[in-house]
Every structure is written in C-alpha cells, then in structure tokens.
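Protein chains in written order, with our numbering: chain G, 1 to 374; chain W, 1 to 454. Ideal Cβ positions, reconstructed from N, Cα and C, are used throughout, including at glycine. Following: one structure in structure tokens, then a few remarks.
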Amino acid sequence: MKRKEFIKFGTTAVASTIISQHLVGCETSNLSHSDEVLVVVKLQGGMDGYHLLAPVKNDIFASQRPSLHQEINNSGIIWKGDWAFHPKFKILNEMYQKGWLKIIPNIGFNDYKRLSHFKAMDYWETGSVVNDHRIYQSGWLGRLVDNKTIFVRGNESPVLIMDRSETRFHKGDISEGLTYTPFTPTGNFHSIIEDWLNENSHLMNTDLYKKVENQQKVSESLKNIKPISVSQKNIKGKLDQVAECIEQEQPFAVYGLTQEGYDTHHKQSIRLEPLAMHLFEGLNTFATRLSNKGLWNRVKVLVYTEFGRTIAENRNLGTDHGTANHAYVLGGNLESYWDELDSSFNTIKLAGRDYVKHNTDFREVYEKIIPNRA
Amino acid sequence: MKINDDCLHILNRFGFGPKLSWLSSKEKSCLLEDKDFLINWITQSNEGFVESRNIEVEQRFSDKKWQERWPLATMRCKWVQRMIELENPIEEKIALFWNHAIPVSVNIWGFAQDVLMDAFRNNASSDYNQLLKEVLYSPCSLKFLNAYHSHKNAPNQNMPRELLELFTVGIDNYTQKDVIELSRCFTGLRTISPYAGEPFPFENIPYPYKMYIDDGAQDRGEKTILGKTGRFGSDEAIDVLVSDLNTHFNIAKKFMMFFVSDNPLRKHIQELSQHTYSKGKINISDLIAHTLRSNWFYDDQYKRNKVKTPVEFWVGLFRHTGLKTETMELHSNALRMLGQNVFFPENVGGWPWGKNWFRGINLVNRIAIPRVLLSISHDEEQSSEMSLFEKVKYRTTHRSLLGFRYEYAVVFNEDDFLNIIRSSNKTLSQWFGTSNNHYNNILQHLSSTEYQYN
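Written as structure tokens, this is what we have:
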C-alpha cells in the first residue's frame, strides 16, 4: 500500500504541513538511528477519559453522572473552557502546564453500531474503518515500515513491542516488529539458539527461521538492559525499560506497551482511578528522567484506548461500552496544532441512550505522530 | 507393518499423539496400523469417557506447601499429567477445545475453578446449550463478565454482549437492541461464593457453588431477541441464541480451527454446520464421529500443517519420547514459558490461533526447551544401580532459565527409546510424523520446525 493511499484516509491539508515540519532541521541522508522515538501505549478495555477530564458545564453530563459531576465541579482544576480535571489528577494539570502533555478530546471513529472491543481495536491497529478485514490485515505502522516511510538506518525492524499482548499495528505485509518481554528469564538460551540456527541454515528463507533470528538479535542487542522482576511487571516498570533503551541509543524507533484492566463495567472509580494514577505517574517519571538527560525533545508518547464509555452510569456504579474518548500525546517538543483541535462536547442518541459524538478522526493522530519521516 | 499415516493424523488431532509404550505392546500397536479399529476405539463414548473420569493418575509434587500456595498451578499440573498418562485422552482434548472456544479467565482463587473444569469435562459429550449454561452460571464466569450484580432497573451489558459476539452468533449478526433485550434476560443471577465480591464468611461454602435467582431483581417482561419474542429467562434466551444458524456455523468453524486446520475450507465448515443444524443441537462427540468418517479429513491439505498449541506441544513431547517427570511443577512452569497459562487467557477474546503462537519469546522457548530437557539427562552418568526416578539437580544456568526452584527429575533413556524404535522396525521420521528424513537424531527432530506442526 502506497504512502499516498494512507494519507488519503486523513486530511490531506494537514499532511503537507507535517512533512515540511519534519524535514526542517534534519537532513534525511544523515538520519541516525537514534533520532526520533515514538512510544505507543495502548490502554486495553476502554478507559473512561471523561472521568479524568470532564465537561462540567454540560447539562447532559451533569444529569447522567451526578456524583462525578459534583466532585469535579467543586474542586476540579480548569483545563480550558468547559473542561475540568478531576481533583485527584493534579498531575495531568502539572504536565499540561509544562507543555509536556496535550490532550486530544473527543477522538473516535465512524462506527457507532458495534461497540465491540475487538472491532475497535482492529480499527485502531489497522488504521482503517472498513467492514472487510480481508483488505486491511496489516497494521498502520507496519505498512509505513514496508514502504520505508520510517527510516532507521541499518535496522529493518525498527519497532519493538515490550509485551506479550497481541498488538497488530506493527505487522506489515513484509515486515514485522520484534517482541521483547523484559520480565521473563532468558538467560543462556542464547547459545542453544545459536546451535539451532547453525544446524538449520537450510531453512533460512522461511518465516519461522527469520523470526527466531530476529528474536536472537533482539536479545543480543538488549542484553545490557536489566530485566525487571515479576512484581514490577506493570506499566511503570516497562516505561523504565523503555527509558533505559532510549538512553542506550538502541536502534528502535517505536516502542509498544499495553496496560490492561480498563473495562470498568462495575465500580468504576475504585478500579479506574488507581490504574490511571499509576499510568500518569509513570509517564511523569519517564518524562522527567529523559528531560534530565536532554533526550525528551526527541521523544513522543501516544496514549490511546479503543473506545469510550457510556455517559450514564449503570446500576453497578460502572459504565458500558461507548463511542468517543480522549487520547493523550506527550513529548518534549510538541507542536501547537494539538491545542487547536475542536474540543466541543456533543452527544448523539442511539437506542434511547446518549453517547459522545467524536470530533476528531483517530487517523489524524497517526498522520501527525509518525517519527523519522524519510 | 508400516505406521498408517491416517492413523497418526487421527491420533494427533483427536488426541495428543501416540505413546511410546504402544510400539512394544501388541494390542496397542494395531491402533497405529488399522484405521477402522482406531476410529471405533476413540469414539466409544461411553466406555472411553467413563473410564477416563475414574482414573487417578499418579502425581508427585516435590513440596506439599507448593500445592497449597498455588492451587491453580496444581490443577494445571494434574490436568497435564492426565493428558500424558491416559491412553485415550479424548475427553481432555475436548475440555481443552472448550477452553479455547469459551475463554473465561480466572480471577478467583480457590475451588471455584474446579467447578469450571467440571463443567467442561462433564459436558464434553452433551449439547452446547447445556455446556454454555453450566459455564456461564459458574462463579468464575459470573464474576469475569460482571453478571452477578445485574438488576432489572439497570441491567449489565457485559455478559450478554460477549455472549452474542464471541460464544454464539458472532459480530454483525445482532444489533445493539438485541444486547439490551438480552441483558434484561440475564438479570437476577446470583451466586453463593465469597469470591464473587460479596462479603461472606469463608466457612460453610456449599460446593459446587450453585447459582440461584434473586426474584426481586429479575426482569420478567417480554423480550425480543433475534426476532423471537417471549418471556425469556436466561435459560430460554441461551436456547434461542444457540438455535440460530450463525451459532452452528461459528462453532463448526472453531471446531475446524482447533481440530483440523488453521485455514479450513468454507465448504467443509458449512457441511458440518448443516449437519448440526439438521439435527437441531450441537454435540461435540457427534461432530467428531462425523469428521472421522468423512473423506475430506484425510486430504493432504489438512495434514501436518496445523500449529500445535503449547499444551499439545508439551504433552506430545512427553508421549512421543516416553519422558517421565517425578515432580509436577515442571508442567506449570513450562506452559507459562511457552505462552499458554491455562485458565488465564489474555483477554475475553481468548487464546491465539495458528501461527500467532509463534511470537517472540514463546517461539524461542518452544525450540529450546526440548534441547534443555533432554540434554540434562544425557550428561549425567547412569549406573546400573540407579533407579529410573533418580533425582537430578539442575545446573545453575538451566535453573535460572526455566525458573524452577526445586529439585526435579526428568528421565529420558535414549537407549531404551532407540531400542524400541528399532525393534518395531520404525524410523525416527515415521515415528515423529515428519515427512523429512533429514534429521539424524532425536534432538534435531524435536527442535525442528516441522515438530511445531501437527
């Protein structure tokens, strides 16, 4: 799939400005492998973004989430206009004031019928909203790597997934990212696999052999990273690993992480708030660490979740599957167009219930966030 | 006589592979040669299932406290050992299939998981309706899908939605209105179990945790699901969903993807779903009998090209080589390294299918673990005074690799193995079912890419 076709999905007006901005100040021929880094954090389950940043002046929201509305209205911190942060999440305001965090409100896609985890995740990962998955099995980032739109000198697989979850955004038709799970013991399998690779060199062109070879290269390249223990097997620990990789100038341009547990059909505040707190504290530590080493300007973090939730609470103090949501972009050198997106809160009625209507299409974020454009 | 290729195919798919001891036994070796005899032996549902349920296989754990501390891992180990020891593990294989088809993650400690396993095992030969009801009413599912709190004033949509999307008709075959109507049918389900989140004393827990219905919370009105109207409770709603043609197709598809091929042909799936639809009910043992007696099951396109799930790989390794282990913790740790922590699917969508098992560290482990296991016992000297179950200490490198903390014994007697193969006039490639005579020794066979496929 050609690059032009990808751009066709988003808004072409934006695309041309992006290319010129990325090319300013860096010569493509000398693009080193440690230039820009993107960290993609997927929140699995459908995080309720409006719990953290709510449209307090909106009547529908106030009437359908009375206790949350009261909490935020009394002591929340204003973001802009009608929006206010939840009082427990001062850290979001701190990061926003420093210019490290930009929030993209009301992001979504044009499918209000299915409200399914799997379909929503398919859309986000393949970068398309078509019914027929036979057309787009590959991920948006994988296609870019296939077409050499992302350039990382000397590395055919510039994407590293630090998880065991089944993400697809890095899988192109030709290329596939590498996986590294930093908390499982790998130890000395290295020599065993070397023997295997030597014995089976007649299989050099098969998929399986290439996967094993790539995995061997990853464990070779990352052998100086200290593995984290099982108790640190959470997003903070993984972000530490990523920070260490960036400091060591590992040849990867994109890192993929996942945090699970956001499908809050039941007792939402008890489950959501600690998880989100953990996430944003981890991101703050990550940003501070890289900023102290002077690397934060090259890094961007995209935090997204597959869909939002219903405006109204259900009887179990939770919410059910909904439509639009917020996405978060972090970085040391963020452009001002993130602030210019439409942040008005609009609702739509479906089967007698209110859902949020999205203003921004999710593919616009991908357009703007691709690192190392060749 | 030569090993019949079709027999090997049947044993690999509807079982975990042939056992090494069969080669030296006259009654069992005809299983490998006579196809009709084998089909009868597998499908004798009454004898096979009842017999297997009563067999307690021998298990030894190196530390009794380990069992108390990790009850789920203990259960995992016991189940895997049954798969290895039983002559005809068809019931265990069906339970594994249901684990893949109806994935329910366990976030409950304790005996609630026994209920789920009983539901899978006891209903292996009964209808899908019955199985689905038992699984969904167990405390594991009720908690996992938040259904134990649903009230008629504001019903919970999680379980009905996943039921429609994953377990019955499939996406695009229902509307949001169906989800809402179905969530009204599933109101009022309650369970007696402290692990469902309610404060409850730990004693006096009646096993097996019956589900009961709270009359005050149940919605008794008329509902319309998939075009049918009636005063449906949860039982009747499940019957309506299962009788839909799309459900038959989806179950036939999962059956084909688990037992037959990663990429089954649509016409064969449709043949199976027409068969079940004409009978009006979905019965797995019936489907198995139908598949075994068909012609297309033995086509070349369906042989040796289905990726083994980690459980199949691990159990097959033990059955093929006659490996014995004294301490059971090995099974739990190995399965975790291979990527299939049984009873803990990664999300409600369940386990990966096919080539998606070859990811990252799991792939490396699949290739390296046979070498690690078999090479340990090679290096130790064996004198005639030692017994077969001799305790062997890990070398420190391998100990840290496999994450074990206890002494264990894995015994593989290469001379015995080769003697058995030679005396039965089989070659290594014929025994392991590979098409290639390229491999000269056992380790090469077991860490070959062909051994990853069934």
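Q: Would you tell me roughly how many angstroms separate the C-alpha atoms of W/I282 and W/L245, rounded to the nearest one?
A: 11 Å
(Q) Counting only C-beta atoms, is W/T321 closer than 8 Å to chain G at any point? (A) no
Q.
Considering only the alpha carbon of each residue, which of G/H202, G/K236, G/L144 and G/N372 lies closest to G/V41?
A. G/K236
Q.
Using 8 Å for Cβ pairs, my map puts G/T319 next to G/T264. What's the rounded Cβ distance?
A. 6 Å
Q.
On the DSSP letters alone, give me the boundaries of the alpha helix (DSSP H) that W/R71 sits inside.
A. Per the sequence shown, residue 71 of chain W should be read as Pro rather than Arg. Looking at the DSSP string, the run of the alpha helix (DSSP H) that includes W/P71 is P71 to E85.
**Q.** Backbone secondary structure at W/L226 - three-state DSSP
**A.** coil
Q.
Let me make sure I understand the geometry here. Which of G/E166, G/D240, G/N205 and G/V159 has the alpha-carbon closest to that of G/V218?
A. G/V159
Q. Out of curiosity, what's the CA-to-CA distance linking W/S126 and G/I60?
A. 49 Å
Q | Exposure of G/Q70, with buried meaning 16 or more beta-carbon neighbours within 10 Å | A | exposed
Q. Does DSSP put W/M211 in a helix, a strand or coil?
A. strand
Q) For G/D48, which residues of its own chain have a beta-carbon under 7 Å away from its beta-carbon, when the five flanking residues on both sides are left out? A) T264, Q268, L272, G308, R309 and T319
Q: Please decide whether W/K267 counts as near chain G, where near means a Cβ-Cβ distance under 8 Å.
A: no
Q.
Suppose you measure from the CA of W/F97 to the CA of W/F255; what does that come to, to the nearest Å?
A. 8 Å
(Q) Below 7 Å on C-beta distance, what does G/T288 contact in chain W? (A) What G/T288 touches in chain W: nothing, since even the nearest Cβ is about 30 Å away.
Q) Quick one: which chain W residues come within Cβ less than 8 Å of G/S116? A) R161, E165 and I171
Q: Could you spell out the range, first to last residue, of the beta strand (DSSP E) harbouring G/D458?
A: The question about residue 458 of chain G has no answer here: the residues shown for chain G are numbered 1 through 374.
Q) Residues in its own chain within less than 6 Å of G/E120 by CB, not counting five upstream and five downstream? A) Per the sequence shown, residue 120 of chain G should be read as Ala rather than Glu. Only E306 and F307 meet the Cβ criterion.
(Q) Give me the residue from G/E36, G/E199 and G/S138 with the minimum Cα distance to G/T167. (A) G/S138
Q: Would you check if the stretch 168 to 180 of chain G and the stretch 141 to 151 of chain G touch, i.e. whether three or more CB-CB distances between them fall below 8 Å?
A: yes
Q.
For a cutoff of 8 Å on Cβ pairs, would you count W/I180 as touching chain G?
A. yes
Q.
Quick check on W/H438: does DSSP put it in helix, strand or coil?
A. coil
Q: Can you tell me the Cβ-Cβ gap for G/G46 and G/Y262, rounded? I've got them flagged as a contact below 8 Å.
A: 6 Å
Q.
Buried or exposed, going by whether 16 or more other CB atoms sit within 10 Å of the CB of G/E220?
A. exposed
Q. With which residues is G/N325 paired in a DSSP beta bridge?
A. G/I107
Q: Out of W/N123, W/D239 and W/T74, point me to the one whose CA is closest to W/I90's CA.
A: W/N123
Q) For the ligand NAP, any of its heavy atoms closer than 7 Å to the Cβ of W/I3? A) Among the ligands in the structure shown, none appear at all, so the ligand NAP cannot be discussed.
Q: Could you name the residues of chain W that G/V388 contacts, counting a contact when the two beta carbons are closer than 9 Å?
A: The question about residue 388 of chain G has no answer here: the residues shown for chain G are numbered 1 through 374.
Q. Would the stretch 306 to 318 of chain W and the stretch 70 to 78 of chain W be scored as touching if the rule is three or more Cβ pairs under 8 Å?
A. no
Q: State yes or no: is the C-beta of W/F249 within less than 8 Å of the C-beta of W/S273?
A: yes
Q: Use the C-beta contact count for W/D219: other C-beta atoms within 10 angstroms, 16 or more gives buried, fewer gives exposed.
A: buried
Q: State whether the stretch 68 to 88 of chain G contacts the stretch 50 to 59 of chain G, with contact taken as three or more CB pairs (one from each stretch) at a distance under 8 Å.
A: yes
Q. Is the CB-CB distance between W/I3 and W/L38 below 8 Å?
A. no
(Q) Check whether chain A comes within 8 Å of W/F186, counting only Cβ atoms and requiring the distance to be less than that. (A) Reference to chain A is not applicable here, since the protein chains of this structure are G and W.
(Q) According to DSSP, simplified to helix, strand and coil, what is W/H151? (A) strand
**Q.** Continuous beta strand (DSSP E) stretch holding W/V135: start and end
**A.** Premise fails: W/V135 lies in the alpha helix (DSSP H), Y128 to L136, not in any beta strand (DSSP E).
(Q) When you compare the CB positions of G/T360 and G/N73, do they come within less than 8 Å of one another, or not? (A) no
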